[in-house]
Amino acid sequence: MSLKARIFQPAKNAMQSGRKGTKHWRLEYAPAAHKYVEPLMGWTGSTDTTQQVVVDFDDKEAAIEFCEANDIAFTVFEPKKRKLHLKAYADNFSFSRVRG
Numbered sequence: 000m001s002l003k004a005r006i007f008q009p010a011k012n013a014m015q016s017g018r019k020g021t022k023h024w025r026l027e028y029a030p031a032a033h034k035y036v037e038p039l040m041g042w043t044g045s046t047d048t049t050q051q052v053v054v055d056f057d058d059k060e061a062a063i064e065f066c067e068a069n070d071i072a073f074t075v076f077e078p079k080k081r082k083l084h085l086k087a088y089a090d091n092f093s094f095s096r097v098r099g
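Numbering (numbering that gives the first Met the number 0), first residue to last: 0 to 99.
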């Protein structure tokens, strides 16, 4: 059985204003089995327990070393850089502002 994993830096939640929890790197396994709907209660089930495993690392190199040491095929997803739109509050009242 060959496990496949992805290594990425998690993005911040839409409900959080800070960047806590986004500095580390995370390893998650790709789904190895399909999910199914349990007929009695209608709950979603799966026989794949690797989807429950999430491993956090301090840096990307440590995650890569872990995968190589344990013979896990992996893909690294680099984070997108933030675009900062710096603007002063006074710009809302500037003379050159387009008024509509």
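Glycine included, C-beta positions come from ideal geometry on N, C-alpha and C.
Please tell me whether residue i and residue j are closer than 9 Å, where the distance is taken between their beta carbons.
i   : j   : result
R5  : V75 : yes
V53 : A62 : no
D70 : H23 : no
Less than 8 Å between C-beta atoms, sequence neighbours within five positions excluded: which residues of the same chain meet that for residue i?
i   : result
A72 : S1, L2, K3, A4 and C66
S95 : none
Apart from the five residues just before and just after residue i, which ones in its own chain have a Cβ nearer than 7 Å to its Cβ?
i   : result
V36 : T43
A31 : D47 and T49
Provide the residue(s) that pair with residue i in DSSP beta bridges, ordered along the chain.
i    : result
I6   : L26 and V75
F56  : W24
T102 : Residue 102 falls outside the range modelled here, since the chain spans only 0 to 99, and no answer is possible.
Taking the beta carbon of residue i as the centre, do at least 16 other beta carbons fall within 10 Å, making it buried, or is it exposed?
i   : result
K28 : It should be pointed out that residue 28 corresponds to Tyr in this sequence rather than to Lys. Buried: at least 16 other Cβ atoms inside 10 Å.
For residue i, which residues of its own chain have a beta-carbon under 6 Å away from its beta-carbon, when the five flanking residues on both sides are left out?
i   : result
K11 : R18 and T21
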